[in-house]
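2 protein chains.
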Amino acid sequence: MAVFSLHTQLAADTSLIGRLSGCQLLLMNDARYPWLILVPEQDGLRELHELNDKAFHAVTLAIKSLSTSLQTLTAAPKMNVAALGNLVPQLHIHIIARRHDDAAWPGPVWGVGAAEPYSDDERLVLLATLREQLDLDAA
Amino acid sequence: MAVFSLHTQLAADTSLIGRLSGCQLLLMNDARYPWLILVPEQDGLRELHELNDKAFHAVTLAIKSLSTSLQTLTAAPKMNVAALGNLVPQLHIHIIARRHDDAAWPGPVWGVGAAEPYSDDERLVLLATLREQLDLDAA
Chain A
356 MAVFSLHTQL AADTSLIGRL SGCQLLLMND ARYPWLILVP EQDGLRELHE LNDKAFHAVT
416 LAIKSLSTSL QTLTAAPKMN VAALGNLVPQ LHIHIIARRH DDAAWPGPVW GVGAAEPYSD
476 DERLVLLATL REQLDLDAA
Chain B
356 MAVFSLHTQL AADTSLIGRL SGCQLLLMND ARYPWLILVP EQDGLRELHE LNDKAFHAVT
416 LAIKSLSTSL QTLTAAPKMN VAALGNLVPQ LHIHIIARRH DDAAWPGPVW GVGAAEPYSD
476 DERLVLLATL REQLDLDAA
């Protein structure tokens, strides 16, 4: 079995929150939006439909759970869920809480302006909150 | 049970291909991209995670099947799958075949330029092909 390694761009742009359903759950380091990224830990995947039926079921249930929880946590009026991968080919699913006054509303977030990184303190507090509130595998 | 009605913007922008898994399957009338839209026929839904577990399973399996089939039919190097709904609140899922030379590549398609409608002949031929090739409910 091939060893999974996270794409260098995803590794550079995110922090690991934890694991669930055979995936790494990442926090995008962009304070403009509460933005999770779910990455199935299988090398070579590019498309959501390439997951076998069992993994697809697990990953989509994780998406449902995370989208529900992130909307509750943030009280966001809208969630955006997407698997694009035009620039970073490794399969990854975006789960983003949107607000009517955020930097890209009502457009999509990708390619809009520059990321605004969290401060170290903000990021550590947010990661701790997410690890506590989201339904992750035990560390 | 409330009567489902398709959002007027979706009705204006698309043609009905057929039905599967409790959804309407629509063709976006934009010849720049092979672009399907799946709309669960339940009034009042805004988020993917609002589907109950049974409907969520059916809808996500339909997404998997349609994404696989559309990529095969179009030989597209990349698929984009997304539930956004920032402008049109009725829950709808985009399944889009992307090419490296399409009008928005490598960005997302939403909000880029103006749709280029199919001619009536093109549209009828494409709808017939999709009805034949996709795994839809019997009409």
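Each protein sequence line maps, in turn, to chains A and B.
Using this note's numbering, read the first sequence as starting at 356 and increasing by one per residue.
Using this note's numbering, read the second sequence as starting at 356 and increasing by one per residue.
Glycine residues also receive a C-beta, built at the ideal position from the N, C-alpha and C atoms.
All values derive from a computational prediction rather than experimental measurement.
Beta-carbon neighbours of B:F411, restricted to chain A and to distances below 9 angstroms: At a beta-carbon threshold of 9 angstroms, the residues of chain A lying near B:F411 are T415, L416 and K419, ordered along the chain.
Tell me the rounded alpha-carbon separation between A:A458 and A:R387. Taking the straight line joining both Cα atoms gives about 7 angstroms.
Given that A:T423 touches chain B, what residues does it touch there, using C-beta distances under 9 angstroms? Per Cβ cutoff of 9 angstroms: E402, H404 and E405.
Going by alpha carbons, who is nearest to A:V358 out of A:I392, A:T369, A:D398 and A:L393? Here the closest residue by C-alpha is A:D398.
According to DSSP, A:L479 sits in a beta bridge with which residue or residues? In DSSP, A:L479 forms no bridge with anything.
Within 10 angstroms of its Cβ, does B:S376 collect 16 or more other Cβ (buried), or is it exposed? Counting Cβ neighbours within 10 Å, B:S376 comes out buried, since at least 16 surround it.
Name, going along the chain, the residues of the segment 434-459 of chain A whose beta-carbon falls closer than 7 angstroms to a beta-carbon of chain B. The segment 434-459 of chain A vs chain B, Cβ under 7 angstroms: M434, N435, V436, A437, A438, L439, G440, N441, L442 and R453.
Rounded to whole angstroms, what is the Cα-Cα separation between B:F411 and A:S474? One C-alpha to the other measures close to 37 angstroms.
With DSSP collapsed to three states, give me the class of A:R401. Reduced to three states, the DSSP call for A:R401 is coil.
Compare the C-beta of A:A466 against all C-beta atoms of chain B and say whether one is closer than 8 angstroms. The displayed chain sequence assigns Gly, not Ala, to residue 466 of chain A. Cβ-Cβ to chain B under 8 angstroms: yes for A:G466.
For chain A, is any of its Cβ atoms less than 8 angstroms away from the one on B:P389? Residue-level contact by beta carbon fails for B:P389 and chain A, as no gap is shorter than 8 angstroms.
Name the DSSP beta bridge partners of B:R453, please? In DSSP, B:R453 forms a bridge with B:K433.
Just how far apart, CA to CA, sit B:L446 and B:L425? Going by the C-alpha atoms only, they are around 21 angstroms apart.
Would you list the one or two residues that DSSP bridges to A:L497? No statement about residue 497 of chain A is possible, as the shown extent of chain A runs from 356 to 494 and does not include it.
May I ask you to report which of helix, strand or coil DSSP gives A:L375? Here A:L375 sits in strand by DSSP.
Would B:P472 pass as an interface residue toward chain A - the criterion being a Cβ-Cβ separation below 8 angstroms? B:P472 is outside the set of residues whose beta carbon lies under 8 angstroms from a beta carbon in chain A.
Can we say the segment 404-421 of chain B touches the segment 455-471 of chain B, given the rule of at least three CB pairs closer than 8 angstroms? Short answer: they don't touch.
Between the Cα of A:L403 and those of B:P395, B:E396 and B:S420, spot the shortest distance and give me the residue it belongs to. Per the Cα distances, B:S420.
Assign B:A459 to one of three DSSP states: helix, strand, or coil. Coil, per DSSP.
Euclidean distance between Cα positions of A:G440 and A:Q364: Approximately 12 angstroms, taken between the alpha carbons.
Tell me whether the beta-carbon of A:P463 lies closer than 8 angstroms to the beta-carbon of B:P463. Yes, these two residues count as a Cβ contact at 8 angstroms.
Kindly list, in the order they appear in chain B, the residues whose Cβ is closer than 9 angstroms to that of A:P395. Within chain B, no residue comes near A:P395; the closest Cβ sits about 14 angstroms away, beyond 9 angstroms.
Would B:Q364 count as contacting chain A if we go by Cβ distances under 8 angstroms? No, because no Cβ of chain A sits closer than 8 angstroms to the Cβ of B:Q364.
Reduced DSSP category for B:A493 - H, G, I as helix; E, B as strand; rest coil: DSSP places B:A493 in coil when its eight states are reduced to three.
Residues in its own chain within less than 7 angstroms of B:H362 by CB, not counting five upstream and five downstream? Result list for B:H362: V443 and Q445, in chain order.
Measuring alpha carbon to alpha carbon, tell me which residue in B:L482, B:L371, B:W460 and B:R453 is nearest B:P432. Looking from the CA of B:P432, the closest CA among B:L482, B:L371, B:W460 and B:R453 belongs to B:R453.
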